[in-house]
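One structure is given below, encoded as structure tokens.
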Amino acid sequence: MSIKVVESFSQLKKRVQHFLSSDAYGRPEIKAALDEFSKYGSLVLFGGLLRDLSLVGNEGFNSDVDVVVKTNNWTEFKKCLQGYNYSQNKFGGFRIQLSRWSIDLWQLEDTWASKQGYVNVKTFEDLCNTTFFDWDAIAYDLETKKIIAINDYLTRVRSHIIDINLSDNPNPVGNSIKALRYLEKYEAKLSPRLASYISSVLNDYDSTDISKLEKISHERGVLGNLASMHINALEEHQKTEPLFPLKKEQYQKSLDLSHKN
Numbered sequence: 001m002s003i004k005v006v007e008s009f010s011q012l013k014k015r016v017q018h019f020l021s022s023d024a025y026g027r028p029e030i031k032a033a034l035d036e037f038s039k040y041g042s043l044v045l046f047g048g049l050l051r052d053l054s055l056v057g058n059e060g061f062n063s064d065v066d067v068v069v070k071t072n073n074w075t076e077f078k079k080c081l082q083g084y085n086y087s088q089n090k091f092g093g094f095r096i097q098l099s100r101w102s103i104d105l106w107q108l109e110d111t112w113a114s115k116q117g118y119v120n121v122k123t124f125e126d127l128c129n130t131t132f133f134d135w136d137a138i139a140y141d142l143e144t145k146k147i148i149a150i151n152d153y154l155t156r157v158r159s160h161i162i163d164i165n166l167s168d169n170p171n172p173v174g175n176s177i178k179a180l181r182y183l184e185k186y187e188a189k190l191s192p193r194l195a196s197y198i199s200s201v202l203n204d205y206d207s208t209d210i211s212k213l214e215k216i217s218h219e220r221g222v223l224g225n226l227a228s229m230h231i232n233a234l235e236e237h238q239k240t241e242p243l244f245p246l247k248k249e250q251y252q253k254s255l256d257l258s259h260k261n
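Residue 103 in this note's numbering sits at position 103 of the sequence shown, and the numbers go up by one each step.
Here it is, written out as structure tokens:
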């Protein structure tokens with residue numbers, strides 16, 4: 001995957017607007033659905049789409065589109081979903097299945113961190129305090145065309161170092177596996193805090209476990225046979241360089257050690 005990190009929020013806005021206006025890859029169905037939803041409330045694009053557009057551009061995004069809605073009448077809003085193929089998820093949000101794309105939509109106050117009492121979520125700005133990864137702490141307001149993000153967001157992604165934003169989360173194992181995937185997908189480095197967190201969470205899992213869990217949650221696996229190398233690299237990092245980011249050089253050390261063994 002080609003890394004094309006944005007230089008500014010204005011450049012990111014252009015990438016978002018291209019995504020929403022492009023006729024390629026069935027994207028018009030996303031725009032049509034968002035236009036319909038916006039009749040009943042204010043919407044932001046959130047998380048993964050903005051992260052991927054920031055890091056790899058339009059060509060690199062092929063996942064679900066996360067949308068958060070702010071409305072005074074959630075019951076009325078849900079009526080607009082009747083014309084779509086949708087299902088409710090365990091967190092109270094909805095997955096809307098379009099012909100090619102999926103939209104994950106939930107109400108502002110129903111984010112996991114808000115419902116669990118970790119973050120008081122009243123505005124779209126508050127959303128940026130709810131994500132596990134700092135790279136996901138970004139939103140795009142469809143009405144105002146404004147980028148909303150945590151402080152120094154662009155500096156963070158340009159550094160290629162991914163960090164923890166809010167450690168409390170409903171899926172520690174899943175997020176740990178995601179972090180390992182980001183090492184492969186985005187040429188990322190793990191912050192010392194994130195590397196320590198993952199090492200602790202995955203301590204009781206072997207490479208076979210990790211590969212199986214990745215396949216369950218991700219249609220396209222990127223770890224596969226490399227899972228054992230990731231485990232070795234984490235162990236080596238915690239022993240030798242725990243105060244520094246975990247990067248590819250650590251993986252080469254891990255690979256050398258596995259060959260010696």
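Glycine included, C-beta positions come from ideal geometry on N, C-alpha and C.
Fair warning: this is a prediction, and the values are worked out from it, not measured in the lab.
Would the region 46-62 and the region 132-145 be scored as touching if the rule is three or more Cβ pairs under 8 angstroms? yes
If I measure Cβ to Cβ from residue 156 and keep anything under 6 angstroms in the same chain, skipping five residues before and after, which residues do I get? Your numbering for residue 156 matches position 156 in the sequence shown. Leaving aside the five residues that flank residue 156 on each side, the residues in its chain whose CB is nearer than 6 angstroms to its CB run, in chain order, 134.
Which partner residues of residue 106 appear in the DSSP bridge assignment? One-based indexing of the sequence shown puts residue 106 at position 106. Residue 106 pairs with 68.
In the DSSP assignment, find the unbroken alpha helix (DSSP H) run with residue 44 in it and report its ends. Start at 1 with the first residue of the sequence shown, and residue 44 comes out as number 44. Note, residue 44: premise wrong, no alpha helix (DSSP H); beta strand (DSSP E) at 42-46.
I'd like to know if the region 105-119 and the region 76-93 are in contact, where contact means that at least 3 CB-CB pairs between them fall below 8 angstroms. The region 105-119, when compared against the region 76-93, does touch it at the 8 angstroms Cβ threshold.
Are the Cβ atoms of residue 201 and residue 172 separated by less than 9 angstroms? Position 201 of the sequence shown, counting from 1, holds the residue named residue 201. Position 172 of the sequence shown, counting from 1, holds the residue named residue 172. A contact, by the Cβ cut-off of 9 angstroms.
Go through its chain and collect everything with a Cβ distance to residue 99's Cβ below 7 angstroms, but skip five positions before and after it. One-based indexing of the sequence shown puts residue 99 at position 99. Only 26, 29 meet the Cβ criterion.
Flag this pair as yes or no: are the beta carbons of residue 47 and residue 139 separated by less than 9 angstroms? Here residue 47 refers to the residue found at position 47 of the sequence shown. Here residue 139 refers to the residue found at position 139 of the sequence shown. Yes, Cβ-Cβ distance for residue 47 and residue 139 is below 9 angstroms.
Can you list, in chain order, the stretches of the alpha helix (DSSP H) that have 4 or more residues and sit fully within the region 70-147? Here the runs fully enclosed are 74-79, 112-115, 124-127.
Where do the ends of the alpha helix (DSSP H) carrying residue 195 lie? Position 195 of the sequence shown, counted from the first residue, corresponds to residue 195. Start and end: 192-201.
Near residue 186, which residues of its chain fall below 6 angstroms by C-beta distance, leaving aside the five closest residues on each side in sequence? Taking the sequence shown and counting its residues from 1, one reaches residue 186 at position 186. Excluding sequence neighbours, residue 186 sits near 55.
What number of angstroms, rounded off, separates the C-alpha of residue 215 from the C-alpha of residue 177? For this step, residue 215 is matched to residue 215 along the sequence shown. For this step, residue 177 is matched to residue 177 along the sequence shown. Going from the Cα of residue 215 to the Cα of residue 177 covers about 11 angstroms.
So, using beta-carbon positions, are residue 31 and residue 21 closer together than 9 angstroms? Along the sequence shown, one-based indexing puts residue 31 at 31. Along the sequence shown, one-based indexing puts residue 21 at 21. Yes, the Cβ-Cβ distance between residue 31 and residue 21 is below 9 angstroms.
Can we count residue 226 as close to the ligand MN, meaning its CB is less than 8 angstroms from some heavy atom? This structure lacks the ligand MN; in fact it carries no ligand of any kind.
In the structure shown, what three-state DSSP assignment does residue 178 receive? Locating residue 178 in the sequence shown gives position 178, counting from the first residue. In the structure shown, residue 178 sits in a helix (DSSP, three-state: H, G or I).
So what does DSSP say about residue 189, is it helix, strand or coil? Within the sequence shown, residue 189 is the residue found at index 189, counting from 1. Looking at residue 189 - three-state DSSP - the assignment turns out to be strand.
Environment of residue 41 [buried if 16+ CB atoms lie within 10 Å]: In the sequence shown, residue 41 corresponds to position 41, counting from 1. Result: buried.
Flag this pair as yes or no: are the beta carbons of residue 141 and residue 148 separated by less than 9 angstroms? Within the sequence shown, numbered from 1, the residue matching residue 141 stands at position 141. Within the sequence shown, numbered from 1, the residue matching residue 148 stands at position 148. Yes, they are a contact pair.
Residue burial classification, residue 208 (beta-carbon count within 10 angstroms, cutoff 16): In the sequence shown, counting from the first residue as 1, residue 208 sits at position 208. It is exposed - the Cβ of residue 208 has fewer than 16 other Cβ atoms within 10 Å.
Simplified DSSP state of residue 162, which is helix, strand or coil: The count along the sequence shown starts at 1 and reaches residue 162 at position 162. For residue 162, the secondary structure class from DSSP, reduced to helix, strand or coil, is strand.
Residue 259 by DSSP, collapsed to three states: which one? Counting from 1 along the sequence shown, the entry for residue 259 is found at position 259. The predicted model places residue 259 with a pLDDT of 46, which falls under 50 and marks its position as unreliable, so this point remains unresolved.
Contact check, residue 192 vs residue 243, beta carbons under 9 angstroms: The residue you call residue 192 lines up with position 192 of the sequence shown. The residue you call residue 243 lines up with position 243 of the sequence shown. Closer than 9 angstroms, so yes.
Would you give the residue range spanned by the alpha helix (DSSP H) that residue 5 belongs to? For this step, residue 5 is matched to residue 5 along the sequence shown. Run containing residue 5: none; DSSP gives neither H nor E here.
To the nearest angstrom, report how far apart residue 129 and residue 74 are at their CA atoms. Residue numbering aside, residue 129 sits at position 129 when the sequence shown is read from its first letter. Residue numbering aside, residue 74 sits at position 74 when the sequence shown is read from its first letter. Each residue's alpha carbon lies about 23 angstroms from the other.
Cα-Cα separation, residue 223 to residue 164: Here residue 223 is taken as the residue at index 223 of the sequence shown, counted from 1. Here residue 164 is taken as the residue at index 164 of the sequence shown, counted from 1. Each residue's alpha carbon lies about 21 angstroms from the other.
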